Amino acid sequence: MNSKEFLSAVDNIVKEKNINPEVVFDAMELALTSAYKKNFKSKTNVKVFINRDTGDIKVYSYLTVVPDDILEEYPEEKEYDEEGNEIKPEIFDPETQIKLSDARKNDKSLNVGDTIDTEVTPNDFGRVAASTAKQVIIQKVREAERNSILEDFGDKQDELLIGTVALEDTDNYFIDLGRTNGILPKKDIIPGEKIEMGSQIKVYVSKVDNNGKTLLVLLSRSHYNFVKRLFELEIPELSDGTILLHSVARIPGVRSKVAIESTNNNVDPVGACIGEKGSRIGRIIEELHGEKIDIVRYDSDPARFIENALSPAKDLTVMILDEKKKEALVIADGDNFSLAIGKGGQNARLASRLTKYKIDIKTPEQAREDGINIVDRD
Numbered sequence: 003m004n005s006k007e008f009l010s011a012v013d014n015i016v017k018e019k020n021i022n023p024e025v026v027f028d029a030m031e032l033a034l035t036s037a038y039k040k041n042f043k044s045k046t047n048v049k050v051f052i053n054r055d056t057g058d059i060k061v062y063s064y065l066t067v068v069p070d071d072i073l074e075e076y077p078e079e080k081e082y083d084e085e086g087n088e089i090k091p092e093i094f095d096p097e098t099q100i101k102l103s104d105a106r107k108n109d110k111s112l113n114v115g116d117t118i119d120t121e122v123t124p125n126d127f128g129r130v131a132a133s134t135a136k137q138v139i140i141q142k143v144r145e146a147e148r149n150s151i152l153e154d155f156g157d158k159q160d161e162l163l164i165g166t167v168a169l170e171d172t173d174n175y176f177i178d179l180g181r182t183n184g185i186l187p188k189k190d191i192i193p194g195e196k197i198e199m200g201s202q203i204k205v206y207v208s209k210v211d212n213n214g215k216t217l218l219v220l221l222s223r224s225h226y227n228f229v230k231r232l233f234e235l236e237i238p239e240l241s242d243g244t245i246l247l248h249s250v251a252r253i254p255g256v257r258s259k260v261a262i263e264s265t266n267n268n269v270d271p272v273g274a275c276i277g278e279k280g281s282r283i284g285r286i287i288e289e290l291h292g293e294k295i296d297i298v299r300y301d302s303d304p305a306r307f308i309e310n311a312l313s314p315a316k317d318l319t320v321m322i323l324d325e326k327k328k329e330a331l332v333i334a335d336g337d338n339f340s341l342a343i344g345k346g347g348q349n350a351r352l353a354s355r356l357t358k359y360k361i362d363i364k365t366p367e368q369a370r371e372d373g374i375n376i377v378d379r380d
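Encoded structure:
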């Protein structure tokens, strides 16, 4: 491989992997240094330099300039520090070091710490080094690629992304996100939905993990925050702060409850989320394959918030039993009792998750049997 071919190969790696060219050159220099030491039985004072403009590779042996008074051999008496550890002085090594007075015989400008370089590039170094350094270079490029991808995806946790369904196995779908594949476990899709190969799909990034070997981007469509991100995507008032989204509770594929509040008295938060002729909420429901959504008005008064969260039940009496433990009792009469609880307890369960309160729902008769004095509603 000549210099032009080498530079062309580096350029291809940089473009294909989207990594900094200096990372590639540094990896190459490190690999070639290792190759030289192995094949030419060199000591440690060797460095390889690659000209970034021409691609020429040079090997240099160097001597480090040290003070004239450096010890020639270890002293007979050992010295120790305050903690009793032996202090080992630096001993002059003529194969890797040169004393200051000797160095200045050829160059008066040299100082302690400077190096004197001598080119030692072998004639056949390119052939020997290429075969030896190949695996090291591949490893370094992979590391750089992984770090580059991590930079792209490290801040994507809890975000909504759009990808293409690329592969499928028994337990997972693999979603092409551009520079890497995310894993969408089949247990984390919306129950009943059919995902087709090659289709574009919206996904919520539930976890990004770089464990040192591979980058794991874990995805979900059943997470409650998937609904939150869909709301933020479809409703501009959430982005500009006109509407605040306080919490989301979800039973995937069945129903979600979303608590919202307006910061502008002239903006109806429920109407803004629904959109003209239901256009905004319609797009969200379509993405969720028909999952029902209750838009709940948030209230700083926990009793009012709980009452709103138990919709479609109405005419409820809410009693906060313990604000610290977040326990509440709800009295519901007639049809509102079954509506408050919901099918299989779904409505009550979602309201509890939404408000963060443990909610006990009773009829007036049950409450009286338990000796509870029912407080009239405001």
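Residue 3 is where the sequence shown starts when you use our numbering, and the numbers rise one by one after that.
From the three backbone atoms N, C-alpha and C, an ideal C-beta is built for every residue, glycine too.
No experiment lies behind these values; they were computed from the predicted model shown.
In this chain, the beta strand (DSSP E) harbouring Arg257 covers Arg257 to Ser264. Scanning Val68, Glu84 and Ser103 for the CA closest to the CA of Phe94 turns up Val68. Annotated three-state conformation of Leu240 is helix, per DSSP. Secondary structure note for Ser313: it is in no beta strand (DSSP E), with a DSSP letter that is neither H nor E. The segment 18 to 29 and the segment 96 to 116 do not touch, with fewer than 3 CB-CB distances between them shorter than 8 Å. By the C-beta density criterion, Pro314 is exposed, having fewer than 16 other C-beta atoms within 10 angstroms. Following the DSSP letters along the chain, one finds Ile59 inside the beta strand (DSSP E) bounded by residues Ile59 to Val68. Assigned with DSSP and collapsed to three states, Arg306 falls in helix. Linking Ala33 to Glu121 through their CA atoms gives a straight-line distance of about 18 Å. Here the segment 162 to 170 does not lie against the segment 66 to 80, with fewer than 3 beta-carbon pairs under 8 Å apart. Ala330 has Ile322 and Ile361 as its beta-bridge partners, per DSSP. The beta-carbon distance between Ile203 and Ser224, rounded to whole angstroms, is 13 Å. This is too long to meet the 8 Å contact definition.
Annotation for Ser44: no alpha helix (DSSP H) segment contains it, and DSSP assigns it neither H nor E. With a cutoff of 8 Å on beta-carbon distance, Ile151 and Arg181 are scored as near each other. Look at the beta carbons and you see the segment 304 to 321 not touching the segment 274 to 292: under three pairs across the two are nearer than 8 Å. DSSP lists Lys259 as the beta-bridge partner residues of Ala251. Going by DSSP, Lys90 is part of no beta strand (DSSP E) at all; its letter is neither H nor E. When the five nearest sequence neighbours on each side are left out, the beta carbons in the same chain lying within less than 6 Å of the beta carbon of Ala311 are those of Val298, Ala353, Leu356 and Thr357, in order along the chain. Excluding its 5 nearest sequence neighbours in each direction, Ala350 has C-beta neighbours in its own chain below 8 Å: Leu312, Ala342, Ile343, Gly344, Ile361 and Ile363, listed in chain order.
Separation of Asp296 and Leu218 (C-alpha to C-alpha, rounded to the nearest whole angstrom) is 34 Å. Ranking Arg148, Asn183 and Lys40 by CA distance to the CA of Val207 puts Asn183 first. For Leu179, the three-state secondary structure derived from DSSP is coil. Three or more Cβ pairs closer than 8 Å define a contact, and the segment 239 to 258 falls short of that threshold against the segment 329 to 342.
In this structure, the beta-carbon distance from Ala330 to Ile322 falls below 8 Å.
The three-state reading of DSSP puts Asp13 in helix, counting H, G and I together. Distance from Tyr62 to Asp109 at the Cβ level is roughly 16 Å; contact not present, criterion being Cβ atoms closer than 8 Å.
In this structure, Val229 sits away from Ser264, with a CB-CB distance that is not shorter than 8 Å.
Rounded to whole angstroms, the gap between the alpha carbons of Asn53 and Val114 is 27 Å. Rounded to whole angstroms, the Cβ separation of Val48 and Ile59 is 13 Å, and the two are not in contact under 8 Å. Taking C-beta separations shorter than 7 Å and ignoring five residues to either side along the sequence, the partners of Glu195 in its chain run His291, following chain order. Sequence-distant partners of Leu112 (beyond 5 residues in either direction) whose C-beta falls short of 8 Å from its own C-beta, in its chain, are Val67, Leu102, Ala105, Arg106 and Ile118.
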